[in-house]
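Note that the working numbering has the sequence shown beginning at 155, numbered continuously upward. A virtual CB, placed ideally from N, CA and C, is assigned to each residue, including glycine. These numbers were taken from a predicted model, which means no experiment stands behind them. Comments concern the structure below.
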Amino acid sequence: MYADWPLLSLVIWTPIFGGILVLFAGDKEPSGARKIALVVSLITFLMTLPLYTQFSTSTHLMQFVERHEWIAAFNIEYYLGIDGISMPLILLTSFTTVIVVISAWEVIQYRASQYMAAFLIMEGFMIGTFSALDSILFYIFFEAMLIPMFLVIGIWGGANRIYATLKFFLYTFIGSVLMLVALIYMYAQSGSFAIFDFHHLKLGLTEQILIFLAFLVAFAVKVPMWPVHTWLPDAHVEAPTGGSVILAAIMLKIGGYGFLRFSLPITPDASAELDWLIITMSLTAVVYIGFVALVQRDMKKLIAYSSIAHMGFVTLGFFIVFRIVNSGYGEQGAALALEGGMVQMVSHGFISGAMFLCVGVMYDRMHSRQIADYGGVANTMPVFAAFMVFFAMANAGLPGTSGFVGEFMVILASFKASFWIAFLAALTLILGAAYTLWMIKRVIFGEVANDNVAALTDINKREFLFLALLAIAVLALGLWPDPLVDVMHPTINNLLNHIANPKI
155 MYADWPLLSL VIWTPIFGGI LVLFAGDKEP SGARKIALVV SLITFLMTLP
205 LYTQFSTSTH LMQFVERHEW IAAFNIEYYL GIDGISMPLI LLTSFTTVIV
255 VISAWEVIQY RASQYMAAFL IMEGFMIGTF SALDSILFYI FFEAMLIPMF
305 LVIGIWGGAN RIYATLKFFL YTFIGSVLML VALIYMYAQS GSFAIFDFHH
355 LKLGLTEQIL IFLAFLVAFA VKVPMWPVHT WLPDAHVEAP TGGSVILAAI
405 MLKIGGYGFL RFSLPITPDA SAELDWLIIT MSLTAVVYIG FVALVQRDMK
455 KLIAYSSIAH MGFVTLGFFI VFRIVNSGYG EQGAALALEG GMVQMVSHGF
505 ISGAMFLCVG VMYDRMHSRQ IADYGGVANT MPVFAAFMVF FAMANAGLPG
555 TSGFVGEFMV ILASFKASFW IAFLAALTLI LGAAYTLWMI KRVIFGEVAN
605 DNVAALTDIN KREFLFLALL AIAVLALGLW PDPLVDVMHP TINNLLNHIA
655 NPKI
């Protein structure tokens, strides 16, 4: 039914032009701008649903492909398509944008139309990043999405927003410049900017290592991996709630996506040669950053460090595949690791977004993120407390929630490579429970701590709606992950074929 539709173009450009329309609505009638933003985000989300319902799980080939000549002199194309890796992330993006628009409905009063427009335009750029099959098109979307987030943090952020904004922009922009150099080099070798032409490019080990390191800098900053993670806590603390949600739920995933789309298939030999580096960085994020989270006093900063630790599972799952294959467990164990990393990305999108929204709900009432300023919130906000405790349990990896599934898959796959790697990875189940429950105990439970907490009112219908939607998503993925995992199988198996066949 949708085979002849330019569906990917529609889901990319509808929110972008919708955002421009919201800008024209202006702030004289902010309610009108909000309504347009909600309608555009809902239409975009509904348009992404056929990407799943019409998606074929019997092939690894790209689907919903659009390919048109763009800059003929350099063989640059407007080339779009999705597979089992990119499609779930596009759905996550469109779903999260709807949540962000609803969450900001009454909260953002200053330049509301510009705030809504920034998120709609950013949505289009992020979907474009996940859909682009021409590397220059990917790079343009990859860089363009920084601009709306730069404005969101810089205009609607906290007192230290200028510092956080510049740090965020410089880290992410400088890292991606090296990626552009690598793309231009591969174009010189292949005569094409198409990503799949790069997949089949024969490269020597030295070339692969240099290209791998260029990609590593770009994508490690985006994840972010230790030690290039320091921009994230500052950005989260200063960003408005919606900015924190998009940063954690979507933007961090673009780094993980880049490893799967570029690093592993283009430079498989270098990836195998340097897997120890990524595994070390990932385990450092899981263990060390977990301890860093444990000593935080600001709720947003604690959740930000938690995000770094949980994303360490993603990169661990992606790069432990070489150890699994060499240990004799073959593609089945390697597929478990890659699919576990993917499930963790989607799950973390739901859970981290929900946790930041919960902090935002409390901040809107008390204008404080300090754990010490709270205590006994369950006494005055029982419905909200139930949601926050549920999301906290998911963040700690409680079985039955999505937080358990991806971590369990990666830990199980890690055992096939090394007991000690699996042991260190499994420490997150202890550390995650420690810092999450530490926060929950002091914020939610106990006696009412002060008059400000005593004056709190429970969540309204709008807040209940976006928290309930995320709770359903976390529970559904935790109890029934098959609909997500099934769409990945052909793509993951094809990726493993690239990994298993050295280029040199």
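Taken atom to atom, the span from the alpha-carbon of L552 to that of F558 is near 6 angstroms. Beta-bridge analysis with DSSP links Q343 to no other residue.
For G235, the uninterrupted beta strand (DSSP E) run begins and ends at I230 to I236, by DSSP. Linking P637 to V500 through their CA atoms gives a straight-line distance of about 12 angstroms. DSSP places Q268 in the helix class (H, G or I) of the three-state scheme. Looking at the DSSP output, D605 sits in no beta bridge, so it has no partner there.
By the Cβ test, the segment 361 to 369 is in contact with the segment 412 to 428, since at least three Cβ pairs between them sit closer than 8 angstroms. With respect to V475, T582 sits apart: the two C-beta atoms are not nearer than 8 angstroms. With a contact defined as Cβ atoms closer than 8 angstroms, V468 and G495 qualify at about 5 angstroms.
The Cβ-Cβ distance between A272 and L243 does not fall below 8 angstroms. Taking the Cβ atoms as the reference, V543 lies roughly 14 angstroms from I613, outside the contact range of under 8 angstroms. Non-local beta-carbon contacts of T326 in its own chain, meaning distances under 8 angstroms to residues more than five positions away in sequence, involve L300, V375, K376 and W385 in chain order. The DSSP-derived three-state label of R523 is coil. Minimum Cα-Cα distance from V602 among the listed residues V531, C512 and A630 corresponds to V531. Note that the C-beta distance between L414 and I239 is below 8 angstroms. In this structure A447 is buried. Its beta-carbon is surrounded by 16 or more other beta-carbon atoms within 10 angstroms.
Residue burial is scored here from C-beta neighbours: K570 has at least 16 other C-beta atoms within 10 angstroms and is therefore classed as buried. Counting the other Cβ atoms within 10 Å of the Cβ of R616 gives fewer than 16, which makes it exposed. One alpha carbon belongs to N480, the other to I433, and they sit about 15 angstroms apart.
In the DSSP assignment, H222 falls within the beta strand (DSSP E) that extends over Q217 to I225. Between D288 and S257, the alpha-carbon positions lie close to 34 angstroms from each other. The beta-carbon separation of L437 and L470, rounded to 7 angstroms, stays under the 8 angstroms limit for a contact. D388 has its alpha-carbon roughly 15 angstroms from the corresponding atom of Q524.
Taking a cut-off of 8 angstroms on C-beta distances, the segment 200 to 210 does not touch the segment 250 to 267, as fewer than three cross pairs fall below it. With respect to S417, F373 sits close: the two C-beta atoms are nearer than 8 angstroms.
When only Cα atoms are considered, Q208 and L161 end up about 11 angstroms apart.
Counted as a single uninterrupted DSSP element, the alpha helix (DSSP H) harbouring V399 occupies residues T395 to I400. Contact between the segment 331 to 351 and the segment 397 to 406 is absent: fewer than 3 CB-CB pairs across the two stretches fall below 8 angstroms. DSSP lists Q524 as the bridge partner or partners of D452. Here A550 carries a coil assignment [DSSP, helix/strand/coil].
Across the structure, E231 and M465 are spaced so that their CA atoms are roughly 32 angstroms apart. Straight-line measurement puts the Cα of M453 at about 15 angstroms from the Cα of G312.
With respect to I166, A179 sits apart: the two C-beta atoms are not nearer than 8 angstroms.
Residue burial annotation: P381 is exposed, with fewer than 16 other C-beta atoms found within 10 angstroms of its C-beta. Here DSSP, grouped into helix, strand and coil, assigns D612 to coil.
In terms of CA proximity to M516, V597 leads the group V597, A550 and M379.
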